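A.B. asks: For my numbering, count along the sequence shown from 1 and bump the result up by 623.
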Amino acid sequence: MKTAMDDATFLIARRKSLYWRIHFWAALIASPFALVATLTGILYVFTPQIEARLYQQLDHVAPQASMLALDAAVAAAEQAAPRGWTVQHVVPPFQGDDAVQVAFAPPGGGVDEHAGHGGHGAPRKPKFGLPAQAIIVYVNPYDAQVLGSLAVAERFGNWAKKLHSRLLQNDGWRWMIELAASWLMVMLVTGVVLWWPRGSQSGLPKRGARGRNGWRQWHAFLGVALGVISLVILATGLTWSQQAGGRIRALRDISGQAPPPVPRGLHSSEDGAGGPLDWQDAWQVARSHAPAIALQLTAPASQDDVWRATMADRSQPTLRFDLQFDAYSGKPLYYAGWRRRRRSAKPPPSAYRFTGVSSAGGTRRCYCCLAPACCSRWYRAG
């Protein structure tokens, strides 16, 4: 005759069997993608070190006594750029050994906001970043010598990012990576449930355990130990993804937690006492508001448009800012920094260390190097 204890034991066994099946199928779906994402992520987090070697002659120069005006570097870049291409934005040197970076877009290259400004060529700004066909011309700020040019798509960091996020495919493939990340979270959660010590059981591997049983114990222990870091990487990564991230941002906006929008339609007041600011003047104005980070400058689109400045170094989120100022007087018309962003739009800097690239420290790099071994251990333990 069955007892209540037998029924409870039977239900526990069935529930555990269900968790095992879910865990197995989630791992079967997600692990190949996790292994690929780990290997490509290793390239991604080491991007600063790799680019420092690949582009040393472009990104850096030998410091000298004094720099020329920024306008001289922009003029030299315009001479070196393909005919008809327009200045997109300029990144002045932040350190003494930095080169000037002048971004150019092809005619009609997916831009929509800025169309030109007096003697500054025809700077334009795309909706999101640079067009795929854009190039960057690197100029020595001390003698205005052109160091070379590089297509944005050919930069190692951009290539590694595309490889990691969508396997060098178009955006239509990104849902597959997100689906695998979601199933990976299911695998981690069910793995914790299966590992969780019950009664007199211990969550630590037993001494002397060998063979399949030993591999399984170590698999469970290491999976839980590294699962916390994995969940942080997955959770922060999904917030920046296309599908899940878009829905998260939509919920954020609906709840009134959207970051302050950069205003459109601000205008400059022409000052009869002097002409418009040049690149050097605009750089000095922007630097006075944000002296602690590399800047990106975009020139006005018309006589009554404004200068725009923002951060060029995305690895320091707490220094993020948006600045618009008068094209003649340099008077700030709009400024929004990190403090003006709402709480939901201010993820902790630690999240950037896990999910970002340039700010990725030794913790994430070590984890990424250990992950392939853990995936191999899963295949052997399975």
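Glycine included, each C-beta is placed from N, C-alpha and C at the ideal position. Since the structure is predicted, the reported quantities are computational estimates derived from the model, not experimental observations.
Nearest CA to the CA of Ser654: which residue from Gln866, Pro716 and Ser853?
C.D. replies: The residue labelled residue 654 in the question sits at position 31 within the sequence shown. Of Gln866, Pro716 and Ser853, the residue nearest in Cα terms is Ser853.
A.B. asks: What does the alpha-carbon distance come out to for the pair His890 and Pro899?
C.D. replies: Taking the sequence shown and counting its residues from 1, one reaches residue 890 at position 267. Taking the sequence shown and counting its residues from 1, one reaches residue 899 at position 276. Each residue's Cα considered, the two are about 13 Å apart.
A.B. asks: Since Ala1011 contacts Val725 with CB under 8 Å, what's their CB separation in whole angstroms?
C.D. replies: The displayed coordinates of the chain run from 624 to 1005. Any statement about residue 1011 would go beyond what the structure contains.
A.B. asks: Which stretch, first to last residue, makes up the beta strand (DSSP E) that contains Val762?
C.D. replies: To locate residue 762, count along the sequence shown from 1; it is residue 139. Unbroken beta strand (DSSP E) run through Val762: Ile758 to Val762.
A.B. asks: Suppose you measure from the CA of Pro686 to the CA of Gly719; what does that come to, to the nearest Å?
C.D. replies: In the sequence shown, the residue the question calls residue 686 occupies position 63. In the sequence shown, the residue the question calls residue 719 occupies position 96. The straight-line gap from Cα to Cα measures roughly 6 Å.
A.B. asks: How is Trp708 classed by DSSP in three states: helix, strand or coil?
C.D. replies: On the sequence shown, position 85 is the one that residue 708 refers to. Coil.
A.B. asks: Output yes or no for whether 7 Å exceeds the beta carbon distance between Leu786 and Thr663.
C.D. replies: Indexing the sequence shown from 1 puts residue 786 at position 163. Indexing the sequence shown from 1 puts residue 663 at position 40. For the pair Leu786 and Thr663, the CB atoms are nearer than the 7 Å cut-off.
A.B. asks: Tell me the DSSP secondary structure of Ile635 in three-state form.
C.D. replies: For the purposes of this step, residue 635 is identified with residue 12 of the sequence shown, where counting begins at 1. Here Ile635 sits in helix by DSSP.
A.B. asks: So Gln672 is in the alpha helix (DSSP H); what residue range does that whole segment cover?
C.D. replies: Here residue 672 corresponds to residue number 49 of the sequence shown, with the count starting at 1. Start and end: Thr670 to Leu677.
A.B. asks: Measuring only the C-alpha atoms, how far is Leu658 from Ala843?
C.D. replies: Along the sequence shown, read from residue 1 onward, the residue named residue 658 stands at position 35. Along the sequence shown, read from residue 1 onward, the residue named residue 843 stands at position 220. Computed Cα separation, rounded: 18 Å.
A.B. asks: Measure the CB-CB distance between Leu770 and Ala722 and report whether it falls below 7 Å.
C.D. replies: Your numbering for residue 770 matches position 147 in the sequence shown. Your numbering for residue 722 matches position 99 in the sequence shown. For Leu770 and Ala722, yes; Cβs fall inside 7 Å.
A.B. asks: Expressed to the nearest angstrom, what Euclidean distance is found between the alpha-carbon atoms of Gly984 and Gly888?
C.D. replies: Indexing the sequence shown from 1 puts residue 984 at position 361. Indexing the sequence shown from 1 puts residue 888 at position 265. With a pLDDT of only 49 at Gly984, under 50, the local geometry of the prediction cannot be trusted, and no value is derived from it.
A.B. asks: With Tyr951 and Asp876 assumed to form a contact (beta carbons below 8 Å), what rounded beta-carbon distance in angstroms separates them?
C.D. replies: By one-based count along the sequence shown, residue 951 stands at place 328. By one-based count along the sequence shown, residue 876 stands at place 253. With a Cβ gap of about 35 Å, Tyr951 and Asp876 do not count as contacting.
A.B. asks: Would you check if there are 3 or more beta carbon pairs closer than 8 Å linking the region 701-720 to the region 815-831?
C.D. replies: no
A.B. asks: Pull up the distance between the alpha-carbon of Leu920 and that of Ala776, whole angstroms please.
C.D. replies: Within the sequence shown, the letter at position 297 stands for residue 920. Within the sequence shown, the letter at position 153 stands for residue 776. Looking at the two C-alpha atoms, the distance is approximately 21 Å.
A.B. asks: Ignore the nearest five residues each way along the sequence and tell me which others in Phe779's own chain have a CB closer than 7 Å to its CB.
C.D. replies: Here residue 779 refers to the residue found at position 156 when the sequence shown is read from its first residue. Hits under 7 Å: Thr670, Ile673, Glu674 and Leu677.
A.B. asks: Expressed to the nearest angstrom, what Euclidean distance is found between the alpha-carbon atoms of Ala650 and Pro940?
C.D. replies: Here the question's residue 650 lines up with position 27 in the sequence shown. Here the question's residue 940 lines up with position 317 in the sequence shown. Using only the alpha carbons, I get a separation of about 34 Å.
A.B. asks: Between Asp936 and Ala913, which are expected to be in contact by the criterion C-beta below 8 Å, what is the C-beta distance as a whole number of angstroms?
C.D. replies: The sequence position of residue 936 within the sequence shown is 313, counting from 1. The sequence position of residue 913 within the sequence shown is 290, counting from 1. Contact doesn't hold; Cβ gap of about 11 Å is too wide.
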